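Data first, discussion second: the structure below is written as structure tokens.
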Amino acid sequence: MRILIHLLLGLAAFPLAAQPVGLSHLLSLTTCTDTTCMAAFADSAGFCQMPGVGNEEDGWIWFSCAHIGDGDFTDPVHMQSIGYFGYAHSYYREYITGTRDTTFAAALTEELGQLGFTMEKPIAKGHSFRSAAYPGLHINRLEKRATNVGRDGIARKELMWVFKVVVP
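For the sequence shown, my numbering begins at 70 and goes up steadily by one.
So, in structure tokens, the structure goes:
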């Protein structure tokens, strides 16, 4: 019994690691038309909201719980976010995943091809992809550059890839 208690206490001390969210996950969520539905998915996948960040009028962003728990916003292994923007009655809905992990971004780009998406055209800061298998929506792959200050106080220029499923 004592071992079980120590094990449970030990598990509680470590932040929950999020499961990587691929594009097939995002495509399966396009029936979610509000933040309540997306929040249920985010909770089940190990994503959390960060107080004061990612709460917009028309949507929310969730970060991997481990990313929030360790407070190191420069660690690409923990840096994944998911989000939902739009209203059920609006003219658009967007489902996003973002990462700073180059390897994961490459895997997501490869997944685009596996899902039948082909590059349609360049757009500002990225490319737009479409697939005959998913008519009526497109995926934008964006590259965003930002400066981030780590726990050590050092500012670093970083590249983040954002994959956005857009349902008009």
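Cβ coordinates follow ideal geometry from the N, Cα and C atoms, glycine included. These figures come from a predicted structure and were not determined experimentally.
Status (buried if at least 16 other CB within 10 Å, exposed otherwise) for residue i
i    : result
G152 : buried
M148 : buried
K233 : buried
Cutoff 8 angstroms; reference residue i; Cβ partners in own chain excluding five residues on either side
i    : result
A109 : none
Reduced DSSP category for residue i - H, G, I as helix; E, B as strand; rest coil
i    : result
L228 : strand
I137 : helix
V236 : strand
V90  : coil
Cβ shell of residue i (< 6 angstroms), same chain only, five flanking positions each side left out
i    : result
K226 : T216
M188 : H196 and F198
Straight-line gap, residue i to residue j (C-alpha atoms, nearest Å)
i    : j    : result
Y160 : T99  : 14 angstroms
T104 : I223 : 35 angstroms
G79  : H94  : Only weak support exists for where G79 lies, its pLDDT of 31 falling under 50; the value from the coordinates is given anyway. Using only the alpha carbons, I get a separation of about 31 angstroms.
F173 : V90  : 10 angstroms
Cβ neighbours of residue i in the same chain (closer than 7 angstroms, five flanking residues each side left out)
i    : result
Y203 : L96
L77  : Because L77 sits at a pLDDT of 30, beneath the cut-off of 50, its placement in the model cannot be relied upon, and the following sentence gives the value as read from the coordinates. So the list is empty, once near-sequence residues are dropped.
Starting from the N-terminal side, write out each stretch of the beta strand (DSSP E) that is 3 residues or longer and does not extend beyond the stretch 93–123. Listed in chain order, there is nothing to give.
Report the residue ranges of all alpha helix (DSSP H) runs contained in full by the stretch 152–207; include only those spanning at least 4 residues, in chain order. Here the runs fully enclosed are 171–183.
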